[in-house]
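In what follows, a structure is listed as structure tokens, so that the remarks can point back to it.
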Amino acid sequence: MLEKFFKLSEHGTTLRTELTAGLTTFAAMAYVLAVNPAILSTTGMDVGAVITATALASALMTALMALLTNYPIALAPGMGVNAFFAYTICQGMKMPWQAALAMVFLNGALFFVLSVTGIRRKIIDAFPFELKVAITCGIGLFIAFIGLKNGHVIVSSDATLVTAGDLGSPEALLVLFGVILTAVLHWRKVRGAIILSVLALTVVGFFVPGPADNGGALTQLPEKVVDVPASLAPTFLALDFQYVFAHFRETLPLILAFLFVDLFDNMGTLIGVCNRAGLLDPHGNLPKIGRALAADATAAMVGSCLGTSTVTSYIESAAGVEEGGRTGLTSLVVALCFLLALFFHPIIRMIPAVATAPALVIVGVFMMQGIAALHLKDFAKAVPAVLIMLLMPLTFSISEGLAIGFVVYVAFKLGTGRGREVSVTGYVLGAFFLAHLIWR
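Okay, structure coming up:
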């Protein structure tokens, strides 16, 4: 049955290989079960509900991708957009998390429409290659900055905005050790380097004193190891569309920021991973790209209904591909692993913030690696690309960095007499971003 449905022989793989690949992919991305709740709970969301939403959304949507496309792609709440959700929208702009969930849903709905029409291609083509790379790199800097902030390696300063924290404190030392440990494990090609580092720091936390108000060690032993999944009730269908439409001038740019990041991230991940798996056609196209993007769009909508930020395709799927995964059976194994993780939420809850902070830093480094592909000899592309990368962390906002960078790109083209190189869609987006920056 599995052979017939997933066409294992046709793809040059076996049941054992697919199982191994699925376990490898899960090990590479399991850190999301700890990191995503740690980030979203800072908005006031119930941490138990977010753990359940994270695991359930990842399981359901990874299974959907497997059945709809037969690709070895796993999905989970994306890093970067969850930070945008929590730190920019909810903390920075003081919007309720319920409204942010509604924005994620609307992003998914728009994404779905774009996935089944030709508009998707026009929007993608409106952004030059350098800006697409800059967006990914900028998000990488943003979440690495958040990781260092959460680990108290950097702190706020009235004189210089930010400065080094108390680097002799147990928290900061653990974070720096965690960054080095994760980097070394990854360099040595140890599968699941990030989750292994998170677990190692959690164990060390039992022997390190925590903050004075914690009354004990950094890591607190849970009462149970296995338990029934935490209730989804606090976040299930908690979307506040009324707030979104009542403040539409402020929320529309945020929805579009979710959309653009989701669109570029998914396209890059799908093509990159499937290329490694040998699934592209002779022309370099992905045969079922429409289905794959529709699955991603559905994932954003379903995830928001359950109570998590945008669920997206994970680049860590490449780990399973390197182990020989070639079909959706790899993804189905990942989905089953996420379902099993639902019953281990007490262990996930005990993981301290300092254990997840290095994961954010390293994921940020992974996203920054794309900077090697930037060709910045064209000054008209170099200026907006660098601005995007700088402004995302410095404004603490993905949307602001993206908007300013794109407006500068269009303005530079016009100022240098190369306005014809910008598409009509590009001018429309540029005008919209400019209006947002002026009247926000």
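The sequence shown: position 46 = 35 (the working numbering), numbered continuously.
A virtual CB, placed ideally from N, CA and C, is assigned to each residue, including glycine.
Computed from a predicted model, the values in this text were never measured in an experiment.
Check, Outcome
"Could you tell me the distance, in whole angstroms, from the CA atom of I112 to the CA atom of A19?", "32 Å"
"Apart from the five residues just before and just after A189, which ones in its own chain have a Cβ nearer than 7 Å to its Cβ?", "L170"
"Give me, in chain order, the residues of the same chain whose beta-carbon lies closer than 6 Å to that of L95; leave out the 5 immediate sequence neighbours on both sides.", "I244"
"Let me make sure I understand the geometry here. Which of N59, F(-6), W86 and T9 has the alpha-carbon closest to that of I278?", "N59"
"Going straight from the alpha carbon of P242 to that of H425, what length do you get?", "7 Å"
"Within a Cβ cutoff of 6 Å, which residues of the same chain sit near T6, ignoring the five residues on either side of it in sequence?", "G313"
"According to DSSP, is S412 helix, strand or coil?", "coil"
"On a Cα-Cα basis, can you pick out the residue from I28, A42 and A52 that is closest to F(-5)?", "A52"
"Enumerate, from N- to C-terminal direction, the unbroken beta strand (DSSP E) stretches of 3 or more residues contained entirely within the segment 272 to 312.", "300 to 302"
"Between A63 and the rest of its own chain, which residues show a CB-CB distance below 6 Å, the 5 nearest in sequence each way excluded?", "T14, T51, Y303, S306, S320 and V323"
"Could you name the residues of the same chain whose beta carbon sits closer than 8 Å to that of S104, not counting the 5 residues immediately before and after it, in chain order?", "G279, L282, A283, D285 and A286"
"Exposed or buried, S298, counting other C-beta atoms within 10 Å across all chains shown (16 or more means buried)?", "buried"
"Skipping 5 residues on each side, what residues in its chain have a beta carbon closer than 7 Å to that of L174?", "A182, L185 and S186"
"I'd like to confirm the pairing. Which residues does DSSP put opposite L64 in its beta bridges?", "S302"
"Are there 16 or more other CB atoms within 10 angstroms of the CB of M356, so buried, or fewer, so exposed?", "buried"
"Check V214 in the structure and name its three-state DSSP category.", "coil"
"Output needed for L226: all residues of its chain with C-beta closer than 8 Å, excluding positions within five of it in sequence on either side, in chain order.", "C294"
"Would you report the Cα separation of K370 and G415, rounded to the nearest angstrom?", "14 Å"
"For a minimum of 4 consecutive residues, which ranges assigned as the alpha helix (DSSP H) are wholly contained in the segment 115 to 179?", "118 to 139 and 159 to 176"
"Can you tell me where the alpha helix (DSSP H) holding G257 begins and where it ends?", "F237 to R265"
"Using DSSP with H/G/I as helix, E/B as strand and the rest coil, what is P198?", "strand"
"Residues in its own chain within less than 7 Å of S352 by CB, not counting five upstream and five downstream?", "What sits at residue 352 in the sequence shown is Val, not Ser. So the qualifying residues of the chain are M68 and I132."
"Among T149, W176, G140 and V144, which has the Cα closest to the Cα of P159?", "G140"
"Select from V179, Q80 and G390 the residue whose C-alpha is nearest the C-alpha of M381.", "G390"
"Closest to K121 by C-alpha separation, out of A246, G199 and V291, would be which residue?", "A246"
"Going by alpha carbons, who is nearest to P26 out of G404, D367 and I340?", "I340"
"Under the assumption that F100 contacts D251 (Cβ atoms under 8 Å), give the Cβ distance between them as a whole number of angstroms.", "6 Å"
"Could you compute how far the alpha carbon of P335 sits from the alpha carbon of E212?", "8 Å"
"Using a Cβ distance threshold of 8 Å, determine whether the segment 151 to 165 contacts the segment 403 to 411, with at least three qualifying pairs required.", "no"
"Can you tell which of F368, L379, F116 and T384 has the C-alpha that lies nearest to the C-alpha of V413?", "F116"
"Can you tell me whether T41 is buried or exposed? The criterion is at least 16 other CB atoms within 10 Å of its CB, across all chains shown.", "buried"
"According to DSSP, which residues form a beta bridge with A420?", "Paired residue(s): none; A420 is not in a bridge."
"Ordered along the chain, which non-local residues of its own chain (more than five positions away) have a Cβ less than 7 Å from that of L130?", "G353, M357, M378, M381 and P382"
"Residue ranges of each beta strand (DSSP E) run of no fewer than 3 residues wholly in the segment 10 to 93, ordered along the chain?", "64 to 66"
"Considering T191, what are the terminal residues of the alpha helix (DSSP H) in which it resides?", "A182 to V193"
"On the DSSP letters alone, give me the boundaries of the alpha helix (DSSP H) that T319 sits inside.", "G317 to A330"
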